[in-house]
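If you're matching positions, the sequence shown starts at 1 in the UniProt record's numbering and goes up one per residue.
Glycine residues also receive a C-beta, built at the ideal position from the N, C-alpha and C atoms.
Working notes, beginning with the structure itself.
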Amino acid sequence: MFSLNRVAARIQMASMVAKIAALIMIIVIGLYFMIFKGYTQHFSKDYAFKGSDWSPAQIVLALYQGNWAYGGYTILNYGMEDIQIKNFKRTVPLAVIFGLFMSAGVYVLANVAYFAVLTPQEILNSSAVATTFAQETVGSFSYAMPALIAVLMLGSSNAEVFAWSRYIQAGARRGMMPTMLSLIHPDNDSPRPAVFFHTVLSMAFCLIGDIYTLVNYLTVTALLSTMFSVGALAYIKWKKIPVSTTAVKFHIIWPILNFLINAALIVIPVIVEPVKSAVGFGLFILGIVSYFVFIRPTKRMRFLMKLDALTTFVCQQFFWAVVEAAPTYKKENAEECSGTVSHSTEENKAGRSPAESVASSVTSTTLSRRQVNPAEVQELSVEKL
1 MFSLNRVAAR IQMASMVAKI AALIMIIVIG LYFMIFKGYT QHFSKDYAFK
51 GSDWSPAQIV LALYQGNWAY GGYTILNYGM EDIQIKNFKR TVPLAVIFGL
101 FMSAGVYVLA NVAYFAVLTP QEILNSSAVA TTFAQETVGS FSYAMPALIA
151 VLMLGSSNAE VFAWSRYIQA GARRGMMPTM LSLIHPDNDS PRPAVFFHTV
201 LSMAFCLIGD IYTLVNYLTV TALLSTMFSV GALAYIKWKK IPVSTTAVKF
251 HIIWPILNFL INAALIVIPV IVEPVKSAVG FGLFILGIVS YFVFIRPTKR
301 MRFLMKLDAL TTFVCQQFFW AVVEAAPTYK KENAEECSGT VSHSTEENKA
351 GRSPAESVAS SVTSTTLSRR QVNPAEVQEL SVEKL
């Protein structure tokens with residue numbers, strides 16, 4: 001379930017092929033109408049931007065919606081541990097650069113095609129622009145467009161679940177979330193509890209109401225999270241803190257520039273939409289408070305530790321999974337993340353994350369992430385719970 005090699009990558013490849021084919025078809029049809037039928041009147045300055053609001057606040061809010069709609073470029077960052085290629089440092093930057101430029105080029109041309117056929121008001125009023133475009137250009141073939149859009153949505157959902165389940169699992173592995181969310185399947189490394197948790201949470205969010213309001217709420221939270229993340233990255237580079245030897249490294253100017261851009265994007269909405277911005281800030285502050293109450297203390301509440309161990313064991317049985325320990329890096333020599341699931345009993349107990357402590361409580365077997373005998377998983381015990 002959402003193993004990169006067995007499921008997620010194949011679904012994503014099929015979806016990508018369908019998406020690129022659909023976009024190329026839209027681009028070709030749009031160019032045909034522009035070149036051979038003279039559909040260029042929508043591009044005149046007085047027509048294309050008539051009634052536009054050029055205030056900085058509205059531009060930033062539009063960037064919020066665009067950042068959410070075209071934010072798929074971040075997916076690669078969450079699946080780094082699942083990528084198994086020889087020249088990692090060279091391939092990943094090339095994939096990032098090529099993917100960004102290809103996506104930008106294709107979507108710009110697709111929007112040009114849309115505006116060649118549809119008026120700005122038709123685009124604003126349409127709930128599915130591609131379907132409206134097909135109805136105006138290819139007639140009866142437009143009935144196939146909803147099915148094609150469904151395939152594309154499947155790919156988008158697959159990418160989101162893949163990325164955020166890894167994000168949740170990585171946090172749980174370092175003790176930031178319940179240990180049960182750090183569990184992985186021993187055969188294909190898929191974080192099944194994290195996938196299930198994210199899916200249920202996403203379905204709950206869908207019931208909240210207006211999607212645009214929800215995007216504005218969560219975008220503020222996401223920007224704050226990004227600011228702290230890139231700020232931490234700049235601090236790591238400044239202090240020369242050891243990281244994995246396979247880490248892809250960039251100049252310190254890039255995280256600083258990213259931090260400043262995100263900070264600028266937050267300022268205006270706080271003034272224009274203080275209530276929605278306050279909700280976003282409140283969610284972020286709630287996360288900080290939760291960290292200092294439940295995660296930061298060295299001595300945690302006993303009943304929470306027992307509950308954590310119990311839920312971890314139940315999820316191990318239900319999802320047929322094992323606890324994966326967090327990678328560690330020595331100050332003297334930054335070691336490559338080996339991905340080993342350590343379940344040792346007493347050694348280094350003082351420096352363990354909750355995930356590792358629960359692992360030693362549940363089982364004393366040492367399991368390799370890549371070489372796990374499923375029969376060994378049956379030896380899990382709750383005698384120490």
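Same chain, Cβ closer than 8 angstroms to residue i, neighbours up to 5 away in sequence not counted
| i | result |
| --- | --- |
| M176 | Y291 and I295 |
| L214 | F205 and I208 |
| S225 | F284 |
| T199 | V161 |
| Y217 | K276, V279, G280 and L283 |
| G38 | none |
| I20 | V106 |
| A234 | I252, P255, I256 and F259 |
Length of the line joining the Cα atoms of residue i and residue j
| i | j | result |
| --- | --- | --- |
| E324 | T246 | 20 angstroms |
| P374 | A8 | Confidence is the limiting factor: at P374 the pLDDT is only 39, short of 50, which leaves the residue's position unreliable, though a coordinate-based value still follows. Between P374 and A8, the C-alpha separation is close to 22 angstroms. |
| L148 | V267 | 39 angstroms |
| R173 | A150 | 34 angstroms |
| L201 | L63 | 25 angstroms |
| M34 | G105 | 18 angstroms |
| G51 | L124 | 12 angstroms |
| V117 | V138 | 12 angstroms |
| F36 | F259 | 46 angstroms |
| M80 | F115 | 37 angstroms |
| V195 | T74 | 18 angstroms |
| Q169 | L183 | 7 angstroms |
| F49 | T119 | 11 angstroms |
| D46 | T40 | 13 angstroms |
| V272 | I261 | 18 angstroms |
Residue nearest to residue i in terms of C-alpha spacing, selected from the options
| i | options | result |
| --- | --- | --- |
| M227 | F284, F250 and R173 | F284 |
| N111 | P193, K299, I241 and H42 | H42 |
| H185 | M203, L201 and R166 | R166 |
| A57 | L310, T311 and P274 | P274 |
| Q317 | M180, M80 and A163 | M180 |
| F197 | W164, D187, D46 and I211 | W164 |
| Y212 | G66, A48, L31 and I24 | G66 |
| L223 | V195, A194 and V270 | V270 |
| residue 386 | V60, I59, I97 and L61 | Since the first and last residues shown for the chain are 1 and 385, residue 386 lies out of range. |
| M25 | I241, F141, L286 and C315 | F141 |
Contacting residues, own chain, Cβ-Cβ under 6 angstroms from residue i (five flanking each side not counted)
| i | result |
| --- | --- |
| T221 | G280, L283 and F284 |
| C237 | Note that residue 237 is Lys in the sequence shown, not Cys. Same-chain partners within the cutoff: I252. |
| A22 | L148 |
| M203 | none |
| R192 | M1, H185, F319 and A321 |
| R300 | none |
| A95 | none |
7 angstroms Cβ shell around residue i - same chain, five flanking residues per side excluded
| i | result |
| --- | --- |
| M145 | A130, T131 and A134 |
| G231 | F259 |
| V248 | K89, V92 and P93 |
CB contact below 8 angstroms: residue i versus chain D
| i | result |
| --- | --- |
| N87 | Given the protein chain composition of this structure (a single chain), no chain D is represented. |
Any contact of the segment 11-24 with the segment 148-160, i.e. 3+ C-beta pairs under 8 angstroms? For the pair of segments examined, the segment 11-24 was found to touch the segment 148-160: the number of CB pairs separated by less than 8 angstroms reaches three.
Enumerate, from N- to C-terminal direction, the unbroken beta strand (DSSP E) stretches of 3 or more residues contained entirely within the segment 137-216. none
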